[in-house]
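Presented below is the structure to which this report refers.
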Amino acid sequence: MISLQKYLSKCSTYSQLRSFTCSTGFSSKKDELERKDEKDTSKEKVNNKLNDLLKLMIQKEDNIEKDVKLPQAVKRKRIKPEKEKPLGEKLEVAAKDVAASLGGNAEKTESELLNILLRSPDPNTQTLKNVLQGIKVEKSSESPSRAQQVRDTLLRQAGRNVSEVSKSMQMKPEFKKPKKKSAAMVDILGTAPSTYFKDLQPVPVPCVLHTWRLCAARDLRLAITHPPTNIYEQMVQWTDQGMLWQFPIDNEQGLEDEKQVSFEEHIFLESHLEGWCPEKGPIRHFMELVCVGLSKNHWLTVEEKKEHIFWYRDYFNDKKDLISELGAGTLEVDSGQQEKNKEI
């Protein structure tokens, strides 16, 4: 019994120890697991916090970048440049102002002022373009057709028959023409002079017929010249006739007189306004525009440009009293200068 009790006591103690050891071992494992879970959760929290901080930092940087406003360029309004009126419109406006200042029939005055600028050149002067317009290009004739060749052969045969008949008729004596008798030559200059005209004296200077000489030279030239056989001879002929430029090319061909005129006289024409044109007013403005237009015209010579300016001077000089009454300006033209300009 004692041994049984001891055994049972030992067993109870063993069970207690075992239960204690089991409980302690289980609790220790549980604690370890809890600690691991806490560590893991703490790591996750730390990671989450770090991620949240990084997100906040990125968002703040984005907000800073968005909030920073860079200075932008101010859109400036483009100022459209005013289109300059052409010289023709300026002349029309200036002519209207002059006509309005003179009074009376404004339309007539305006037309008189502008007609001299729109005057066409002399129609007698031929330009290279006008000469070339009258030239006809020769075209090679087409080869005759079969029907045309047959007609030509028939006509030749008919002509031969007619010629044979005419020859046979000429052989007959009744169809022969009578021969002309040769007239005797009479020496007029070798005989004695007539006494009907008295006091005859030889002409000291022979009479020169210029038109007759020109016609004879033209006939001689036409008799000698032959049509060109190739394009080079034709070009030489056109060059002699003034249809083509002479080589070396000279842009001032036909304007030999202008070579003695300086370039400044074509451009600076305001000097011809001194002495008669008012210093200001609509007439002065109109004449300055006329000088600008004439200086840009390369088809007119210096003398023709001066004629245009002097025409306006005479036109305004005729209406000098009316201009002074209306207050449009004062015109002073010296008689000596006017006569000198007319001679020019």
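Following the numbering used here, the numbering of the sequence shown begins with 642 at its first residue and continues without gaps.
Beta carbons: idealized from backbone N, C-alpha and C, even for Gly.
At a Cβ-Cβ threshold of 8 Å, residue 923 and residue 739 count as neighbours. The beta carbons of residue 933 and residue 902 sit about 19 Å from each other, so the pair does not count as a contact at 8 Å.
In the three-state scheme derived from DSSP, where H, G and I count as helix and E and B as strand, residue 956 is classed as helix. C-alpha of residue 751 to C-alpha of residue 954: approximately 15 Å in a straight line. Here residue 858 is exposed: its Cβ has fewer than 16 other Cβ atoms, across all protein chains shown, within 10 Å.
Between the segment 683-701 and the segment 715-726, the count of Cβ pairs shorter than 8 Å is below three; the stretches do not touch.
In the three-state scheme derived from DSSP, where H, G and I count as helix and E and B as strand, residue 939 is classed as coil.
Cβ-Cβ separation between residue 926 and residue 950: approximately 15 Å, too far for a contact (criterion under 8 Å). Residue 756 has its alpha-carbon roughly 12 Å from the corresponding atom of residue 748. Going by beta carbons, residue 947 and residue 743 fall outside the 8 Å limit. Membership of residue 756 in the alpha helix (DSSP H) is indicated by the continuous run 747-756. Around the Cβ of residue 876, a 10 Å sphere holds fewer than 16 other Cβ atoms; the residue is exposed. Using a Cβ distance threshold of 8 Å, residue 737 and residue 930 do not count as a contacting pair.
For a cut-off of 8 Å, the C-beta gap from residue 936 to residue 910 is around 6 Å, short enough to register as a contact. For residue 794, the three-state secondary structure derived from DSSP is helix. Residue 856 carries a helical assignment under DSSP once its states are collapsed to helix, strand and coil. Residue 837 sits in coil when the DSSP states are folded into three classes, being neither helix nor strand. By the Cβ-count criterion, residue 853 is exposed, with fewer than 16 other Cβ atoms from all chains shown falling within 10 Å of its own Cβ.
When DSSP states are grouped into helix, strand and coil, residue 717 belongs to the coil group. Judged by DSSP in its simplified three-state form, residue 892 adopts coil rather than helix or strand. As the crow flies, the alpha-carbon of residue 867 is around 11 Å from that of residue 878. According to the DSSP assignment, residue 963 belongs to the alpha helix (DSSP H) that extends over 961-967. Relative to residue 938, the option among 966, 956, 908 whose CA is nearest is 908.
In the structure shown, residue 825 adopts coil according to DSSP, grouped into three states. Collapsing the DSSP output to three states places residue 884 in coil.
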